[in-house]
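Residue numbering for the sequence shown follows the numbering used here, starting at 40 and increasing by one per position. Below is one structure; the comments refer to it alone.
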Amino acid sequence: FIGPPPVDPPGLLEGNSRLLLSRLEELERRAAALEAENRDLRTRLSATSSETDFRQVIDASPVPLSVDDMKGTIEYVNRKFVEKFGYALKDVPTSAKWFERAYPNPEYRRLVAEQWKGFLKRGVPTGKSIGPLEVEVTCKDGSLRRVEFVGTILGRRLLLAGNDITERKRLEAQILKIS
């Protein structure tokens, strides 16, 4: 039997075309959403990697370092900080706790705080270095260390470095005694 080719009912092809176009558009939307999510994940991984690299550099430093959010929270202290002063981050999670422990004498603490406020007031608006400020720090074990602190503004954070000058001061005093 030979006859005309079969014909789809009216509108069937048009309906199928619309359905296919609709599914294609949905797949394109999903692909775009997945691409956006992929970009977001890459950005977050990159930031995490950068922060990990930053922490590794800080932790490997031979100088005691701390990172402060400039709102009163100490975000990080490196190994040398813990080694030199005895305080881990859990001991001094805030600037207030650091001041209480490092400067237990209330009068001396007030004096040091005033000096820091002056340095911060001048340094933060200009983005310049802060300090140096020479202070006597009471370590966790009760020993005293003469330390020169300097800070650097890093965006919304303050990186503080402590240079232990205890031995240098002792030697200077000996030289003066001998002279």
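Ideal Cβ placement from N, Cα and C applies to all residues, glycine included.
Relative to the C-alpha of residue i, which candidate in the options has its C-alpha closest?
i           : options          : result
residue 144 : 174, 166, 127    : 174
residue 16  : 91, 158, 177, 68 : Outside the shown range of the chain, which is 40 to 218, sits residue 16, and nothing can be said about it.
residue 293 : 208, 149, 200    : Residue 293 falls outside the range modelled here, since the chain spans only 40 to 218, and no answer is possible.
residue 183 : 127, 204, 195    : 204
residue 122 : 100, 136, 110    : 100
residue 195 : 62, 97, 64, 109  : 109
Assuming residue i contacts residue j (C-beta within less than 8 Å), just tell me the rounded distance between them.
i           : j           : result
residue 106 : residue 198 : 6 Å
residue 120 : residue 104 : 6 Å
residue 189 : residue 169 : 7 Å
With residue i as the anchor, note down where its alpha helix (DSSP H) starts and where it stops.
i           : result
residue 182 : Neither: residue 182 is in no alpha helix (DSSP H) and is coded neither H nor E.
residue 141 : 134-141
residue 204 : Per DSSP, residue 204 belongs to no alpha helix (DSSP H) and is neither H nor E.
From residue i to residue j, what distance separates their C-alpha atoms?
i           : j           : result
residue 125 : residue 179 : 5 Å
residue 216 : residue 208 : 12 Å
residue 136 : residue 181 : 16 Å
residue 192 : residue 79  : 28 Å
residue 27  : residue 151 : This structure leaves residue 27 out entirely; the chain is present only between 40 and 218.
DSSP has residue i in a bridge; who is on the other side?
i           : result
residue 198 : 106, 191
residue 163 : Its beta-bridge partners do not exist; DSSP assigns none.
Determine the extent of the beta strand (DSSP E) in which residue i is found, giving its start and end residues.
i           : result
residue 113 : 113-116
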